[in-house]
Amino acid sequence: MLRTALFLALYTLAPAQAGEHDAIRRAVEAGEIRPLAEILATVQARYPGRILDVEIDRSRDGRRVYDIELLDADGRKLEISVDAASGAVIEPRATDDDALLPLAPILRTLLAAHPGKILDVELERDRDDRAIYEIELLTVDGRTLELVVDARDGRVLDDGSHGPAGGEPVRPLPDVLDALAAHHPGTIVEVELERDRQGRRYYEIDIRGADGRTVELRVDAVTGEILHEGEAD
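Residue numbers (the UniProt record's numbering): 1 to 233.
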């Protein structure tokens, strides 16, 4: 995705890449896209406020769009996308995180329905531009759930469950660590449950030995086999 920051004070393009800068300048001169000053005047007429940031981007269908962040008279931050060719406002949206539900109660609700451990959480936007939490959860029976939750109302939008490694449950972590202790004594520094490119689950385990060196192990989460052993960075 090509993205070029814009210096607002001068209403001129300040590109991260010279090639994109030249392409935008030529497009403006040819009348293919609207000048930034004209776009900003239109936006501020409809949404009075202070411009915080402007970027020129490409939409999913390849069109150039101006992405404008604006602080309105009520103190709300708005993100306004404007078609660079037609000047039409595509969609304004509030960006305040205050509009999102707190994460903690969402996680408690999920864990009540699916007892286990939260592996990962990310705040993203989906194709409909909704704010969503992408949550990876490992249930007590070894299944991995990758849930998508609406960040504004807490609804579960997608519950894509799948068992690791062909549906087989992963080994409990304590059992894996006990098996490693004989050949890799030391202090467990970090453990993460990951997935490789083939979709297989593995534990990535860092163990600090008595000599101070830290060994990084990758252990098949289903079979317990050590897949890789090396010195941690």
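Note that the Cβ used here is the ideal one computed from N, Cα and C, for glycine as well.
Drop a sphere of 10 angstroms on the beta-carbon of residue i, count the other beta-carbons inside from all chains shown, and report buried for 16 or more, exposed for fewer.
i           : result
residue 220 : buried
residue 213 : exposed
residue 70  : buried
residue 157 : exposed
residue 64  : buried
residue 142 : buried
residue 222 : buried
residue 197 : exposed
residue 54  : buried
residue 25  : exposed
residue 217 : buried
residue 82  : buried
residue 98  : The predicted model places residue 98 with a pLDDT of 49, which falls under 50 and marks its position as unreliable; any figure quoted below should be read in that light. Exposed: under 16 other Cβ atoms inside 10 Å.
Can you give me the start and stop residues for the beta strand (DSSP E) that residue i sits inside?
i           : result
residue 195 : 187-195
residue 139 : 131-139
residue 214 : 214-220
residue 149 : 144-150
residue 176 : Not the beta strand (DSSP E): residue 176 falls in the alpha helix (DSSP H), residues 173-181.
residue 120 : 116-125
residue 32  : Residue 32 -> no beta strand (DSSP E), and no H or E assigned at all.
residue 53  : 49-58
residue 228 : 226-231
residue 64  : 64-72
residue 83  : 77-83
residue 206 : 201-208
Between the Cα of residue i and those of the options, spot the shortest distance and give me the residue it belongs to.
i           : options            : result
residue 46  : 25, 68, 183, 56    : 68
residue 228 : 222, 210, 202, 209 : 202
residue 137 : 34, 207, 194       : 194
residue 73  : 101, 54, 44        : 44
residue 100 : 186, 89, 152       : 152
residue 79  : 192, 130, 106, 108 : 130
residue 190 : 207, 25, 26        : 207
residue 183 : 197, 196, 192, 215 : 215
residue 61  : 22, 222, 127, 149  : 127
residue 169 : 181, 56, 41, 144   : 144
residue 232 : 205, 116, 54, 222  : 205
residue 125 : 106, 149, 54, 139  : 149
residue 209 : 226, 88, 230, 173  : 230
residue 235 : 90, 40, 38         : Examination of residue 235 is not possible in this model, given that the chain is present from 1 through 233 alone.
residue 185 : 49, 192, 211       : 211
residue 154 : 39, 102, 173       : 102
Who are the Cβ neighbours of residue i in its own chain at under 8 Å, not counting the five residues just before and after it?
i           : result
residue 224 : 171, 175, 176, 179
residue 111 : 118, 137
residue 132 : 123, 124, 125, 126, 148, 149, 150, 151, 157
residue 109 : 154
Starting from residue i, trace the alpha helix (DSSP H) in both directions and tell me its first and last residue.
i           : result
residue 42  : 36-46
residue 106 : 103-113
State yes or no: is the C-beta of residue i nearer than 7 Å to some heavy atom of the ligand GDP?
i          : result
residue 80 : This structure lacks the ligand GDP, and indeed carries no ligand of any kind.
Leaving aside the five residues before and after residue i along the sequence, list all residues of the same chain whose C-beta is less than 6 Å from its C-beta, in chain order.
i           : result
residue 159 : 147
residue 122 : 134
residue 187 : 208
residue 105 : none
Return the chain-ordered list of same chain residues with a C-beta closer than 7 Å to the C-beta of residue i, the five sequence neighbours on each side being excluded.
i           : result
residue 32  : 85
residue 35  : 28
residue 139 : 114, 115, 116, 145
residue 22  : none
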